[in-house]
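Here the structure comes first, spelled out in structure tokens, and everything after it is commentary.
Here it is, written out as structure tokens:
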């Protein structure tokens, strides 16, 4: 994107004219096609922030292929990209097929038009739980792939026709890799992992969350030296997470639609305006 276009975007944001023209904040951030220059700098939190100096996950490499690259969402902090490439190579060495690598962040982070409430600062990434053998496909053929859910339609448990011990082994491999903060999966997958592996320490890092029935969501802690980065609260105290707190996810309260936030959207950190407009 050229300087004039970036300047126009920033003017819209600061003037409030974007909303008047029906342009959402997410659309503005999604329109930027290249990262902000300079060293890696995270500002804010995974659900409300941005990143400068992001690097792009290569289209493919030993053990992985990026999917839906047309979204331009495979940008992250260098620590995130290094974690993913190392993990993919470890998975290959353990006998797993190529992994589909999903969204990380936009070139400068920020809110997205669809698909995520987080992924805004380059330390979140989705890895699909598709263990089929994959030839190296041209990039265009990796657009619009729909992974199969591993969870029953009513959410009561995993689909026994699809979820296997190999899925559990891949999740464990990720949860045990150094540098990870937590790993999000559907509550039904977490419960199945508890049934098979209760008491094992890696389960503490595996946390239940809505959706996530066909992929695992990797989150790293704020990297060293990122003073403006706001990390998530630490996982609960030691334990495998296979307790009453997991039962809540199968309650009527958890299954009820979450009410939408009322009022104006939370404001991004002020420094993100500079990240968006950086040349």
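Numbering (full-length UniProt numbering), first residue to last: 1 to 279. Here a beta-carbon is modelled for each residue, glycine too, at the ideal position from N, C-alpha and C.
Asked, Found
"Report back the beta-carbon spacing between residue 100 and residue 67 to the nearest angstrom; my notes put them in contact at under 8 angstroms.", "5 angstroms"
"For residue 21 and residue 267, what's the separation of their Cα atoms in angstroms?", "With a pLDDT of 49 at residue 21, under the threshold of 50, the predicted position of this residue should be treated as unreliable, though the coordinate-derived value follows. Between residue 21 and residue 267, the C-alpha separation is close to 19 angstroms."
"Taking C-alpha atoms, which residue in 55, 162, 80, 228 lies nearest to residue 124?", "80"
"Which residues mark the beginning and the end of the beta strand (DSSP E) in which residue 251 is found?", "Unbroken run through residue 251: none, as it is neither H nor E."
"Got a sec, what are the start and stop residues for the beta strand (DSSP E) residue 215 sits in?", "215–219"
"Under the three-state reduction of DSSP, which class applies to residue 126: helix, strand or coil?", "strand"
"Check this for me: beta carbons of residue 35 and residue 56, under 9 angstroms apart or not?", "yes"
"Using DSSP bridges, identify the partner residues of residue 229.", "44"
"Kindly identify the DSSP beta-bridge partner or partners of residue 60.", "65"
"Buried or exposed for residue 262, please, with buried defined as at least 16 other CB atoms from any protein chain shown within 10 angstroms of its CB.", "exposed"
"Measure the beta-carbon distance from residue 108 to residue 52 and round it to whole angstroms, keeping in mind my assumption that it falls under 8 angstroms.", "7 angstroms"
"With DSSP as the reference, identify every bridge partner of residue 286, one or two as the case may be.", "No answer is possible for residue 286: the residues shown for the chain start at 1 and end at 279."
"Measuring straight from C-alpha to C-alpha, what distance separates residue 208 and residue 247?", "10 angstroms"
"With a CB to CB cut of under 7 angstroms and the five nearest residues on each side skipped, what residues in its chain are close to residue 70?", "143"
"Residues in the same chain with beta-carbon distance under 7 angstroms from residue 271, minus the five sequence neighbours each way, listed in chain order, please.", "43, 228"
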